[in-house]
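Data first, discussion second: the structure below is written as structure tokens.
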Amino acid sequence: MKRELSIKEITANMLEPYTIPEDSPYLSEEQRELSKLSYQKRMEWMAEWLMLASHTDDED
Amino acid sequence: MSSGQACVLLGIATFSKDGDWIIKETPESCSKVLKILERKNASYRLGLPLDPAWLSKGWTSHFEYFLGNGYRMRVDFCSRPPRVPDISGLWQNSIKKYDVDIVDIQSLIELKQTRRVRDYSIIGALAEVAGFVQDKPELSMMYLQDYELLKKAVKKWPEIARKCNREAVQTILQGKSRKDTVISLAVEQDEKIQADETRINFYREKSKSYQRKCMAASAVWKSENISLSEQHNQLLSIVKEELV
Numbered sequence: 027m028k029r030e031l032s033i034k035e036i037t038a039n040m041l042e043p044y045t046i047p048e049d050s051p052y053l054s055e056e057q058r059e060l061s062k063l064s065y066q067k068r069m070e071w072m073a074e075w076l077m078l079a080s081h082t083d084d085e086d
Numbered sequence: 013m014s015s016g017q018a019c020v021l022l023g024i025a026t027f028s029k030d031g032d033w034i035i036k037e038t039p040e041s042c043s044k045v046l047k048i049l050e051r052k053n054a055s056y057r058l059g060l061p062l063d064p065a066w067l068s069k070g071w072t073s074h075f076e077y078f079l080g081n082g083y084r085m086r087v088d089f090c091s092r093p094p095r096v097p098d099i100s101g102l103w104q105n106s107i108k109k110y111d112v113d114i115v116d117i118q119s120l121i122e123l124k125q126t127r128r129v130r131d132y133s134i135i136g137a138l139a140e141v142a143g144f145v146q147d148k149p150e151l152s153m154m155y156l157q158d159y160e161l162l163k164k165a166v167k168k169w170p171e172i173a174r175k176c177n178r179e180a181v182q183t184i185l186q187g188k189s190r191k192d193t194v195i196s197l198a199v200e201q202d203e204k205i206q207a208d209e210t211r212i213n214f215y216r217e218k219s220k221s222y223q224r225k226c227m228a229a230s231a232v233w234k235s236e237n238i239s240l241s242e243q244h245n246q247l248l249s250i251v252k253e254e255l256v
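Chains as they are written, first to last, in the working numbering: chain H, 27 to 86; chain Z, 13 to 256.
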């Protein structure tokens, strides 16, 4: 019988690469890309967006 | 790390500007955070001083500082996040990655039940991934926000659906119309939005005169370049007089 995963295990799994279903009503192509990345790469993604936001603010 | 940035690290949000942190309500923890923020030339935004006495009552502290390129970084701290009653469980379930504790998915779902409508898409996304990708159907059943996926969840996990006391799940099980389920989901969401609004209004009402004094102090901090530690001391005095 398959062991039920704990909330902590689920959370840990989501910090590793995983695949979002193609037909997700909540998530788009960008999240599908992000979810396939490692934790380290997701942190880099976040930093990149922050950099981009700083330029957007300049233009405003 | 919690809220929006935790969502990015969990792979379900692509961007978050504000940093939301849950800290332990100890003098050491507060002092460590204040030291780090002081080194960054941070200032207090409207909120309570970062002190265990106020954190333990559910209040929050807000700061901002500027990066070299002029970008404004906003960081918020609390020790008792709303809707998460078991604080020790919160810490036990967090995942440590590179010295950062990341909030668990269930607590994140609770945290995200705010007055902002957009947060319910995040909750739906977390519930979808938890159930359909990570095999935790209870979370899907309790927190999916749309009809189609909830119906799919009920069909896939009928036993769990039968045990679930959520009204929207029961309307599907009873074969009621799509409209009934959609209404149930909308009413449920609106109740959560109202509950958060009530919570915020409680804190807002309680702190009206404190807020007025803080805003006056904040204007002086900016013009006279007052250090964060001095700002902190001033806030501690104001809060003592204005907030009982």
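C-beta: ideal position from N, C-alpha, C; glycine also.
Contact fails between the segment 140–159 of chain Z and the segment 63–71 of chain H, because fewer than three Cβ pairs, one in each stretch, are under 8 Å apart. When the Cα atoms are used, Leu-240/Z and Met-72/H turn out to be separated by approximately 27 Å. Judged by beta-carbon spacing, Arg-29/H lies beyond the 8 Å limit of Ile-46/H, meaning their Cβ atoms are not closer than that value.
Contact between Leu-41/H and Ile-238/Z fails: their C-beta atoms lie close to 40 Å from each other, not under 8 Å. Under the Cβ criterion of 8 Å, Arg-29/H is not counted among the residues facing chain Z.
The three-state reading of DSSP puts Val-199/Z in helix, counting H, G and I together.
Residues of the segment 87–112 of chain Z with a C-beta atom less than 7 Å from some C-beta of chain H are Asn-105, Ile-107 and Lys-109, listed in chain order. With contacts defined by Cβ atoms closer than 8 Å, Cys-226/Z and Leu-49/Z do not form a contacting pair. The continuous stretches of beta strand (DSSP E) do not include Ile-24/Z, and DSSP gives it neither H nor E. Neighbours of Leu-21/Z across chain H, judged by C-beta separation under 8 Å: Leu-41, Tyr-65, Arg-68, Met-69 and Met-72. In the DSSP annotation of this structure, Ile-35/Z is not part of any alpha helix (DSSP H), being labelled neither H nor E.
Contact annotation, Pro-94/Z with Arg-211/Z: C-beta distance approximately 6 Å; criterion of less than 8 Å satisfied.
At a cut-off of 8 Å between beta-carbon atoms, Glu-56/H makes contact with chain Z. Secondary structure within the segment 61–123 of chain Z: the alpha helix (DSSP H) runs of 4 or more consecutive residues, fully enclosed, are 64–67, 99–105 and 117–123 (chain order). For Lys-220/Z, no CB of chain H lies under 8 Å from its own CB, so it is not counted at the interface with that chain. Collapsing the DSSP output to three states places Tyr-56/Z in a strand. Proximity to Asp-158/Z across Arg-128/Z, Val-199/Z and Ala-207/Z peaks at Val-199/Z, based on C-alpha coordinates. Spanning the alpha carbons of Pro-97/Z and Gly-23/Z requires a straight line of approximately 26 Å. Interface criterion not met: the Cβ of Thr-38/Z is under 8 Å from no Cβ in chain H. DSSP, reduced to helix, strand and coil, places Ser-14/Z within a strand of the structure shown. In the three-state scheme derived from DSSP, where H, G and I count as helix and E and B as strand, Lys-188/Z is classed as coil. Between the segment 33–43 of chain Z and the segment 54–69 of chain Z, the count of C-beta pairs closer than 8 Å reaches three or more; the two stretches touch. Nearest neighbour of Ala-137/Z by Cα position, chosen from Ile-36/H, Leu-53/H, Glu-48/H and Ala-38/H, turns out to be Leu-53/H.
Excluding its 5 nearest sequence neighbours in each direction, Asp-192/Z has C-beta neighbours in its own chain below 6 Å: Thr-183, listed in chain order.
Assignment of Thr-193/Z by DSSP, reduced to helix, strand and coil, places it in the helix class. Ala-137/Z reaches chain H at Ser-50, Tyr-52, Leu-53 and Gln-57, counting residues in chain order whose Cβ is nearer than 8 Å.
Only residues of its own chain outside the window of five on either side were considered, and among them Ile-34, Ile-35, Lys-36, Glu-37, Leu-67 and Ser-68 have a CB closer than 7 Å to the CB of Ser-91/Z, listed in chain order. Between the alpha carbons of Ser-32/H and Thr-26/Z lies a gap of roughly 26 Å.
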